[in-house]
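Q: First residue of the sequence shown? That's 62 in the numbering used here, and the numbers climb one at a time after it. Each residue gets a CB set at the ideal place from its N, CA and C atoms; glycine is no exception.
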Amino acid sequence: MTSRRSVVRGTGSYLPARIMTNAELEDLVTTSDAWIRQRTGIGARHIAADGEFTSDLATHAARAALDNAGMDAGDIDMIVLATATPDQTFPATAVTVQEKLGITHGFAFDMQAVCSGFVFAMSNADALLHASHGKRALVIGAETFSRIIDWNDRGTCVLFGDGAGAIVLELADDNADSDPRGLLASDLRADGRYRDKLYVDGGPSTTQTAGHLRMDGREVFRQAVNLMSGVIDRTLEKAGYTAQDIDWFVPHQANRRIIEATARKFGWPDEKVVMTVENHGNTSAASIPLAVDVAVKDGRIKPGDLVLMEALGGGFTWGAVLVRW
Ligand code: UT7
């Protein structure tokens with residue numbers, strides 16, 4: 062039977078050159094390398110240079126994904142850019158990326174679901190491809206969280222970093238009788254009752270400032286595994302798979318303990334979990350495509366593998382997406 066699916070054609074990523082170690086943070090706030098590693102698994106994070114913007118990170122990652130796909134920018138019909146740290150309030154950073162890539166057709170927009178942004182972007186790009194809005198989508202997660210961090214708040218400044226990752230999706234006919242390739246299912250959720258657990262204390266309509274990130278880390282931690290388990294269960298059920306079928310679990314990289322607890326719940330051994338939090342920190346919407354690109358480039362994720370991505374972020378928003386590579 063022929064069906065049409067959004068198939069991954071290429072991946073790419075970009076990290077700013079500057080690496081900030083835990084030891085450097087010891088000079089800024091009362092913390093220690095040992096505490097950060099033990100509570101989060103983070104050893105270092107990348108920080109964007111002065112004058113280096115979210116759109117720059119996103120454009121680097123997009124070019125790398127296009128190269129990997131063997132495509133030109135002109136092949137792309139839509140850009141969906143997940144970010145909570147846009148260059149400007151408007152226009153959408155996706156439009157700036159479109160211009161930097163030299164694309165003058167199709168459309169581009171930002172997706173704001175904070176750390177879940179990439180999962181939301183994948184699901185929305187897939188829906189738009191199926192609704193005949195084009196054949197190829199560039200789905201990007203890009204963030205400069207270093208710009209909204211309160212560097213005096215040890216509860217948050219040790220956690221986040223900057224970076225970008227991108228995936229090229231192409232709507233393709235699938236003639237396979239079994240094991241179809243492409244995006245198979247997703248499940249998205251939001252619940253605004255949790256909005257004060259993780260937020261930025263500024264914005265154009267309220268303070269006319271960009272604001273700083275504020276988080277009740279303990280409460281986010283308490284909710285994370287349970288909420289994410291629900292969307293994972295529903296995504297697997299929609300696609301007709303079980304946890305045992307998964308080849309690679311690529312979670313949002315917020316905290317090693319949350320990732321390990323989620324993997325344990327579903328019975329996934331360490332060898333099936335892609336973990337980059339040690340070197341990247343939490344890069345919000347960029348964390349999943351960055352981790353995906355690492356695992357594709359080092360040969361772990363291969364065509365035919367079943368890959369489950371999931372995230373939870375401010376809002377709360379949370380979601381999962383299942384892709385046969
Ligand atoms: O990406 C979006 C989703 N975000 C997340 O998933 C983040 C979820 N939350 C977390 O990852 C964790 O809650 C944190 C890593 C933020 C904190 O770890 P925790 O084990 O929940 O620690 P805690 O907040 O319960 O704090 C324990 C202690 C406190 O001291 P007291 O009250 O026990 O004396 C904190 O003040 O650790 C203290 N503390 C620190 N100590 C050294 C908090 N931050 C630091 C720090 N260095 N950077």
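Report the residue from Gly374, Leu369, Ile210 and Val68 whose alpha carbon sits nearest the alpha carbon of Val335.
A: Comparing Cα-Cα distances from Val335 to each of Gly374, Leu369, Ile210 and Val68, the minimum goes to Leu369.
Q: Trp96 lies in the alpha helix (DSSP H); which residues open and close that run?
A: Per DSSP, Trp96 belongs to the alpha helix (DSSP H) from Asp94 to Thr101.
Q: Can you name the residues that DSSP bridges to Tyr75?
A: Ala225, per the DSSP bridge assignment.
Q: Quick one: give me the first and last residue of the alpha helix (DSSP H) that Ser348 is part of.
A: It spans Ser348 to Lys358 - the alpha helix (DSSP H) in which Ser348 sits, taken as one unbroken run.
Q: Within its chain, find whatever has a CB closer than 6 Å to the CB of Glu339; leave out the 5 residues flanking it on each side and keep chain order.
A: For Glu339, where only same-chain residues beyond five positions count, the Cβ hits under 6 Å are Gly102 and Gly104.
Q: Check the DSSP bridge columns for Asn343 and list the partner residues they point to.
A: Answer is Phe221, bridged to Asn343.
Q: Within a Cβ cutoff of 7 Å, which residues of the same chain sit near Gly264, ignoring the five residues on either side of it in sequence?
A: Counting only Cβ-Cβ distances below 7 Å, and skipping sequence neighbours, we find Gly272.
Q: Could you round the C-beta distance between Ser67 and Ala186 to whole angstroms and report it? I think they count as a contact, below 8 Å.
A: Indeed they touch by this definition, with Cβ atoms about 7 Å apart.
Q: Where Thr217 and Ser239 are concerned, what is the direct C-alpha to C-alpha distance, given to the nearest angstrom?
A: C-alpha separation (whole angstroms): 45 Å.
Q: Please report the residue range of the alpha helix (DSSP H) in which His121 lies.
A: Per DSSP, His121 belongs to the alpha helix (DSSP H) from Thr115 to Ala130.
Q: Would you call the CB atoms of Pro107 and Pro147 closer than 7 Å?
A: Here the sequence assigns His to residue 107, which means Pro is not the residue at that position. No, the Cβ-Cβ distance between His107 and Pro147 is not below 7 Å.
Q: Would DSSP call Met289 helix, strand or coil?
A: Residue state, collapsed to three classes: helix.
Q: Buried or exposed for Trp379, going by 16 or more other Cβ atoms inside 10 Å?
A: With 16 or more other Cβ atoms within 10 Å, it is buried.
Q: Measuring only the C-alpha atoms, how far is Ala233 from Gly243?
A: When rounded, the distance between both Cα atoms is 8 Å.
Q: Compare the beta carbon distance of Leu199 and Ala130 with 7 Å and say whether it is the shorter of the two.
A: The answer is no: Cβ separation not under 7 Å.
Q: Would you say Val219 touches the ligand UT7, meaning its beta carbon is less than 6 Å from a heavy atom?
A: Under cutoff, so the answer is yes.
Q: Could you have a look at His107 and say whether DSSP puts it in helix, strand or coil?
A: Reduced to three states, the DSSP call for His107 is strand.
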